[in-house]
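Here the structure comes first, spelled out in structure tokens, and everything after it is commentary.
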Amino acid sequence: MYLEQVDEKILVKEYLNGNEAAFEKLLRKNQGKVFGYIMKMVRDEDLANDIFQDTFVKVIRTLKKGKYNEEGKFLPWVMRIAHNLIIDHFRKDKKMPIAGRGSGNDDDEFDIFSILKMEDDNVEDEMIYQQILEDVKGLIDFLPEDQQEIVKMRIFMGMSFKDIADRTDVSINTALGRMRYALINLRKMVKERNLNLTLV
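Going left to right, the sequence shown walks through residues 1 to 200 as UniProt numbering numbers them.
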């Protein structure tokens with residue numbers, strides 16, 4: 001891994017010195033992992049291609065502005081840029097459904113927390129996952145206690161809504177409702193604080 005980082009650091013330096021082929025090597029080396037991550041999150045090939053292209057446009061612009069200072073950790077840095085663009089897309093298009101909407105099926109749950117479900121080996125650097133986790137935990141502390149309880153049981157303990165309802169002695173609909181309000185409140189807090197839930 002260390003030699004890989006050194007190699008990428010050299011390629012970045014060569015690109016900044018005018019060697020376009022150096023960037024092509026960086027792209028070929030990392031495009032599979034970056035695109036795979038984006039595709040896993042958006043589940044739409046056309047959209048994934050658009051975000052992939054936007055990611056590397058931003059990478060190039062940032063490099064040319066001399067703002068890259070990741071000490072050779074090129075791929076994790078690119079992953080964070082891609083992650084930001086994914087979040088931006090869902091915010092702008094407002095296509096991030098709220099858990100518990102509709103039938104109440106657990107499969108409907110794709111929201112701010114979907115990011116916590118990704119596997120570490122698809123991110124390449126656990127730092128991304130851990131930072132997002134800490135950001136989300138920080139926001140949860142501002143929720144009313146009954147909403148905090150539901151969120152922690154559902155997201156961090158992996159409990160089903162049926163088990164949550166049994167544990168808290170409420171109906172499944174009440175548990176779903178509290179989760180829904182928790183997500184609404186969290187999204188408001190994200191907007192009010194202008195948070196990206198990432199390091200970039």
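Just so it is clear, CB atoms sit at the ideal spot from N, CA and C, and this is done for glycine as well.
Predicted model, so just to flag it, every value in this text is computed and none were measured.
Item	Value
Find out if the Cβ-Cβ distance for the pair residue 156, residue 175 is shorter than 8 Å.	no
To test your reading of the DSSP string, which unbroken alpha helix (DSSP H) runs of 4 or more residues are found completely within the UniProt domain "RNA polymerase sigma-70 region 2" (26 to 94)?	45 to 64 and 74 to 93
Can you give me the Cβ contacts of residue 138 inside the same chain, cut-off strictly under 7 Å, excluding the 5 residues immediately before and after it?	none
Name the residue from 89, 140 and 12 whose alpha carbon lies nearest to the alpha carbon of residue 43.	89
In whole angstroms, what is the alpha-carbon distance linking residue 167 and residue 151?	13 Å
Using the C-alpha atoms, what's the distance from residue 23 back to residue 179?	45 Å
How many angstroms separate the CA atom of residue 207 from the CA atom of residue 14?	Only positions 1 to 200 of the chain appear in this structure, which leaves residue 207 out of reach.
Rounded to whole angstroms, what's the CA-CA distance from residue 67 to residue 59? Just pull it up for me.	10 Å
What whole-angstrom Cβ distance do residue 181 and residue 147 have, given they're in contact under 8 Å?	6 Å
Within a Cβ cutoff of 6 Å, which residues of the same chain sit near residue 20, ignoring the five residues on either side of it in sequence?	none
Is it the case that the Cβ atoms of residue 26 and residue 74 are separated by a distance below 8 Å?	yes
Exposed or buried, what is residue 57 when buried is set at 16 or more other beta-carbons lying within 10 Å of its beta-carbon?	exposed
Measure the C-alpha to C-alpha separation of residue 38 and residue 185 and round it to an integer number of angstroms.	26 Å
In the structure shown, what three-state DSSP assignment does residue 18 receive?	coil
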